[in-house]
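Please read the structure below before turning to the comments.
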Amino acid sequence: MAPLLLSLSLLLTGLLIAMTSAGDRSTSYIRTSCSRTLYPELCYSSLSPYAGQVGTDPVLLARFAMNVTLGRLKPLYVDINYLRSHAAADPSCSCKKTAEALDDCSELISDTIGLVRKSEKELTGLEGMVGPQVTWRIGNAQTWLSATITDESTCTDGFGDGCRGTGDDIEQEIRKKVTTAEQLTSIALALVSGLVKS
Ligand SMILES: *[C@@H]1O[C@H](CO)[C@@H](O)[C@H](O)[C@H]1NC(C)=O
4 MAPLLLSLSL
14 LLTGLLIAMT
24 SAGDRSTSYI
34 RTSCSRTLYP
44 ELCYSSLSPY
54 AGQVGTDPVL
64 LARFAMNVTL
74 GRLKPLYVDI
84 NYLRSHAAAD
94 PSCSCKKTAE
104 ALDDCSELIS
114 DTIGLVRKSE
124 KELTGLEGMV
134 GPQVTWRIGN
144 AQTWLSATIT
154 DESTCTDGFG
164 DGCRGTGDDI
174 EQEIRKKVTT
184 AEQLTSIALA
194 LVSGLVKS
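Residue numbering for the sequence shown follows the working numbering, starting at 4 and increasing by one per position.
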């Protein structure tokens, strides 16, 4: 092989190895960080696709976790509003109560979208900040993410008043989705809280 070609192929091999081990380092970093949350599996499966961008940056990992949460909350909000009109059109006892519960959820989930969005922004550029400003911003994000979890559980608390039928099915569907969003929010909060110690 010509010397130039040989060194080129060595360079490419080296590059490939470097890329692979950076990827490995990042996925194992995400696995370790996720093991400190309440839902390590969900955490890892939802955040490992971003390994290439996250590297081993704890702030970026937390910000991605918030965006992943937003990615669930936004379609959930659309679903709730769709089902609201659906339930309201059905005059049965079950659907009447469900429609009321969904009205509350619509407002609550709309709030959570604002809170999580604001939290992600609050941590943007954190790397360049020092001292009290860092703790202040982390504290704000913690407060807003905790409020998000409260809103999410208030939403599901409104369900299940004993009526049966279509309303019940709607409630079960929404409850499942809110629960996943709540778990993702809990993961984001744990990752944000981890920033205080690191
Ligand atoms: C999260 O989403 C916002 C809005 O789309 C975006 O500006 C921000 O860069 C995203 N954060 C990360 C870490 O990708």
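Note that CB positions come from ideal geometry on N, CA and C, so glycine has one too.
Helix, strand or coil at residue i [DSSP, three-state]
i: Met-2; result: The question about residue 2 has no answer, for the chain in this structure spans 4 to 201.
i: Asp-160; result: helix
i: Ala-191; result: helix
i: Leu-45; result: helix
i: Asp-93; result: coil
i: Leu-126; result: coil
i: Thr-40; result: coil
Residue from the options whose Cα sits closest to the Cα of residue i
i: Leu-45; options: Gly-170, Thr-182, Trp-139, Leu-198; result: Thr-182
i: Gly-58; options: Thr-30, Arg-66, Val-71, Thr-35; result: Thr-30
i: Glu-110; options: Asp-172, Asp-93, Asn-84, His-89; result: Asn-84
Inter-residue Cα distance where the pair is residue i and residue j
i: Leu-86; j: Ala-191; result: 28 Å
i: Ser-36; j: Ala-184; result: 19 Å
i: Leu-194; j: Arg-34; result: 12 Å
i: Met-132; j: Ala-65; result: 16 Å
i: Glu-176; j: Asp-82; result: 10 Å
i: Ser-156; j: Pro-43; result: 20 Å
Beta-carbon proximity of residue i to residue j, cut-off 7 Å
i: Arg-198; j: Pro-61; result: The sequence shown places Leu at residue 198, not Arg. For Leu-198 and Pro-61, yes; Cβs fall inside 7 Å.
i: Ile-69; j: Val-119; result: It is worth fixing the name first, because residue 69 is Met in this sequence and not Ile. In this structure, Val-119 lies closer than 7 Å to Met-69 by Cβ.
i: Leu-79; j: Lys-180; result: yes
i: Ala-104; j: Ala-91; result: no
i: Asp-107; j: Gly-26; result: no
Open item on the list: Whether or not the region 108-125 and the region 141-150 are in contact is what I'm after, with contact meaning three or more pairs of Cβ atoms, one per stretch, closer than 8 Å; do they touch?
Closed with: At 8 Å Cβ cutoff, the stretches touch.
- [ ] Answer yes if the region 112-120 comes into contact with the region 146-155, meaning at least three C-beta pairs across the two stretches below 8 Å, and no otherwise.
- [x] yes
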